[in-house]
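**Q** Following this message is one structure expressed as structure tokens.
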Amino acid sequence: MPAPLLFVLSGLTQYLGAAIAVGLFDVLPPAVVAWLRLAVAAVVLLAWRRPWRARGRWTRRAVLTTVLFGVVLGVMNVAFYVAIDHLPLGTAVALEFVGPVAVAAVTGHGWRDRVAIGIAAAGVVLLAGVTLGGGVSSSTGSGTDTGDDPVVGLVAIGVSAACWAGYIVLGRRVATAETGGVTGLSVAMTAGALVLAPFYVGGAVPVLTDAGLALLVVGVAVLSSVVPYALEQVVLRRVRPATFAILLALLPATAAVVGAVVLRQVPHPAELVGLVLVSGAIALTAKDTATDEAPPPA
1074 MPAPLLFVLS
1084 GLTQYLGAAI
1094 AVGLFDVLPP
1104 AVVAWLRLAV
1114 AAVVLLAWRR
1124 PWRARGRWTR
1134 RAVLTTVLFG
1144 VVLGVMNVAF
1154 YVAIDHLPLG
1164 TAVALEFVGP
1174 VAVAAVTGHG
1184 WRDRVAIGIA
1194 AAGVVLLAGV
1204 TLGGGVSSST
1214 GSGTDTGDDP
1224 VVGLVAIGVS
1234 AACWAGYIVL
1244 GRRVATAETG
1254 GVTGLSVAMT
1264 AGALVLAPFY
1274 VGGAVPVLTD
1284 AGLALLVVGV
1294 AVLSSVVPYA
1304 LEQVVLRRVR
1314 PATFAILLAL
1324 LPATAAVVGA
1334 VVLRQVPHPA
1344 ELVGLVLVSG
1354 AIALTAKDTA
1364 TDEAPPPA
């Protein structure tokens, strides 16, 4: 399956899960929902991959890289959920794309990558509703109640963007490790959940007494973590970081679609132009992507 198609599937499941999570924010703090998503996904992946069976392949360096990857992943999830409590979903995802753009700018090569970076960045600016003079546009309407402090949302999405850049760099190392990408992901998520547990486990108590709430949390974890991150591990084994970063430009588009359909956050014409620009960036890197997708030598 082509990498762009994998990303569309990944994005649709991830942001459908995020849309469900927004509905939980009236019951649980956003950061707690994010931690529960990570913890439940870790349990699912551990049961599936059983990483202890590959213990002979776990070098000290692999363990340290995987644990760091898990902490970055956990902080990214928590910061993103705090952000979407204060910003519309499509806007938050577009602003978060600053991280992948930075990775593409540093690791890319050739005119295709450089032009694609510029086009994608312009598309992200339009999608986010940010003018050259600064400030967040209020044009992205929301059908749900969001927080009333956009500054908190902007700071949180900035942290998430920085972590996303680290996720790409560290994620490729985990994906190409001898232990296997999805197996490494199971260990990473477990490490991230354990490191963050002291901060958020206390707020998760209501889930233990409400079966319906627990079921929704499991749904968020599977849709937003297990499925998309497993797909991304497949892609990370097949493409270089710059191509992966540009492919991530598909995510603002899928987030905008999910936001419009599920949360009634309808994009304005300028944001639709941004989607076209992002798609153009994907097209520019299509040739390089096809070349990079050859599986790594055994």
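Throughout the sequence shown, residue numbering follows the working numbering, covering 1074 to 1371 in sequence. The beta-carbon is built from N, C-alpha and C at its ideal position, and this holds for glycine as well.
1. Beta-carbon within less than 8 Å of Phe1032's beta-carbon, same chain only, minus the 5 sequence neighbours each way: which residues are those?
2. Measuring only the C-alpha atoms, how far is Ser1297 from Arg1185?
3. Less than 8 Å between the beta carbons of Pro1091 and Leu1160, yes or no?
4. With 16 other CB atoms within 10 Å as the buried threshold, where does Met1149 fall?
5. Thinking just about the alpha-carbon of each residue, which of Ile1157, Phe1170, Val1260 is nearest to the one in Arg1126?
6. Alpha carbon to alpha carbon, how far is Gly1196 from Val1176?
7. Run the CB neighbour count on Ala1354, radius 10 Å, all protein chains shown included, and call it buried at 16 or more, exposed below.
8. Determine the DSSP secondary structure at Thr1132, reduced to helix, strand or coil.
9. Going by beta carbon distance, what residues of the same chain come within less than 6 Å of Ala1250, once the five residues before and after it are set aside?
10. Keeping to the same chain, check which residues put their C-beta closer than 6 Å to that of Ala1114; ignore five residues upstream and five downstream.
11. Mind checking Thr1139: buried by the 16 CB within 10 Å criterion, or exposed?
12. Within 10 Å of its beta-carbon, does Arg1245 have 16 or more other beta-carbons around it, so buried, or fewer, so exposed?
13. So what does DSSP say about Met1074, is it helix, strand or coil?
14. What first and last residue would you give for the alpha helix (DSSP H) that runs through Arg1122?
15. Quick one, are the C-beta atoms of Gly1172 and Ala1234 less than 8 Å apart?
16. Ends of the alpha helix (DSSP H) at Gly1285?
17. Rounded to the nearest angstrom, how far is the Cβ of Arg1310 from that of Gly1254, given a contact under 8 Å?
18. CA-CA distance, Val1155 and Val1228?
**A** Once the coordinates are examined:
1. With the chain covering 1074 to 1371 only, the question about residue 1032 has no answer from this structure.
2. Sequence index remark: in the sequence shown, residue 1297 carries index 224 (1-based). Sequence index remark: in the sequence shown, residue 1185 carries index 112 (1-based). If I take the Cα positions, the gap works out to 31 Å.
3. Against the sequence shown, residue 1091 aligns to sequence position 18. Against the sequence shown, residue 1160 aligns to sequence position 87. Sequence check: residue 1091 is Ala here, not Pro. Ala1091 places its beta carbon 8 Å or farther from that of Leu1160.
4. As a position in the sequence shown, residue 1149 is number 76, starting the count at 1. Buried, since its Cβ has 16 or more Cβ neighbours within 10 Å.
5. Residue numbering aside, residue 1126 sits at position 53 when the sequence shown is read from its first letter. If we check each option's Cα against that of Arg1126, Val1260 comes out closest.
6. Within the sequence shown, numbered from 1, the residue matching residue 1196 stands at position 123. Within the sequence shown, numbered from 1, the residue matching residue 1176 stands at position 103. The alpha-carbon atoms of Gly1196 and Val1176 are separated by roughly 17 Å.
7. Within the sequence shown, residue 1354 is the residue found at index 281, counting from 1. With 16 or more Cβ atoms within 10 Å of its Cβ, Ala1354 is classed as buried.
8. Here residue 1132 corresponds to residue number 59 of the sequence shown, with the count starting at 1. Note: Thr1132 maps to coil in three-state DSSP.
9. Walking along the sequence shown from the start, residue 1250 turns up at place 177. Contacts found: Ala1135, Gly1257.
10. Within the sequence shown, residue 1114 is the residue found at index 41, counting from 1. These residues qualify, in order along the chain: Met1262, Ala1294, Ser1298, Val1299.
11. The count along the sequence shown starts at 1 and reaches residue 1139 at position 66. That one is buried.
12. If you number the sequence shown from 1, residue 1245 lands on position 172. Under the 10 Å beta carbon count, Arg1245 is surrounded by 16 or more other beta carbons and is classified as buried.
13. As a first step, residue 1074 is located in the sequence shown; it is residue number 1 there, counting from the start. DSSP, reduced to helix, strand and coil, places Met1074 outside both helices and strands of the structure shown, so it counts as coil.
14. For the purposes of this step, residue 1122 is identified with residue 49 of the sequence shown, where counting begins at 1. Per DSSP, Arg1122 is one residue of the alpha helix (DSSP H) stretching across 1103-1122.
15. Stepping through the sequence shown from its first residue, residue 1172 is reached at position 99. Stepping through the sequence shown from its first residue, residue 1234 is reached at position 161. Cβ atoms of Gly1172 and Ala1234: closer than 8 Å.
16. Within the sequence shown, residue 1285 is the residue found at index 212, counting from 1. Secondary structure note for Gly1285: its alpha helix (DSSP H) is the uninterrupted segment 1284-1294.
17. Here residue 1310 refers to the residue found at position 237 of the sequence shown. Here residue 1254 refers to the residue found at position 181 of the sequence shown. Sure, about 6 Å apart at Cβ, within 8 Å.
18. Numbered from 1 along the sequence shown, position 82 holds the residue referred to as residue 1155. Numbered from 1 along the sequence shown, position 155 holds the residue referred to as residue 1228. When rounded, the distance between both Cα atoms is 10 Å.
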